[in-house]
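Count along the sequence shown from 1, add 3, and you get the number used in this note's numbering.
Beta carbons: idealized from backbone N, C-alpha and C, even for Gly.
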Amino acid sequence: MALPTEICQALRELAAHTDGIDRPVYQVFERDPLEPIIGLGDADAPICFFGRDPGREEVRHGEPFIGSGGQIVRRVLYRHLHGAEIPDFEAGRGLGRHYFWINTV
């Protein structure tokens, strides 16, 4: 889900004045530390998760809630929706796109 340019720019400006951004992680993955990692799935979905600063895996994949905490949420939701254990990492990634909107702030 792409954000409007003006919102993206406002988030970049806020991030520029934020302490605690793990810049070395962004450097390892050649990503811009001011670029928001935000939005996945349908913004009209009935469930929305908000998290704080992106972790290493979120930066690596450029997706919110893909690290260890996000995987816990995805496993529980998958089990609830499908009555079975989540088969693999990719199934967890796909789950977010189809069932809920998630956001790392």
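Residue j and residue i - do their beta-carbons sit closer together than 8 Å?
{"i": "PHE32", "j": "ARG55", "result": "no"}
{"i": "PHE52", "j": "VAL76", "result": "yes"}
Taking all protein chains shown into account, decide if residue i is buried (16 or more other Cβ within 10 angstroms of its Cβ) or exposed.
{"i": "LEU98", "result": "buried"}
{"i": "PRO67", "result": "buried"}
{"i": "GLY70", "result": "buried"}
{"i": "PRO27", "result": "exposed"}
{"i": "GLY65", "result": "exposed"}
So residue i is in the alpha helix (DSSP H); what residue range does that whole segment cover?
{"i": "GLY73", "result": "71 to 85"}
{"i": "PRO90", "result": "No alpha helix (DSSP H) holds PRO90; DSSP gives it neither H nor E."}
{"i": "HIS64", "result": "59 to 64"}
{"i": "GLU38", "result": "Run containing GLU38: none; DSSP gives neither H nor E here."}
Can you give me the Cβ contacts of residue i inside the same chain, cut-off strictly under 7 Å, excluding the 5 residues immediately before and after it?
{"i": "PRO90", "result": "none"}
Leaving out five residues before and five after residue i in sequence, what residues of the same chain have Cβ atoms less than 8 Å from its Cβ?
{"i": "GLU87", "result": "One detail in the question is off: residue 87 reads as Ala in this sequence, not Glu. Excluding residues within five positions, the ones whose Cβ falls inside 8 Å are TYR81."}
Kindly indicate the opening and closing residues of the beta strand (DSSP E) around residue i.
{"i": "GLY54", "result": "51 to 54"}
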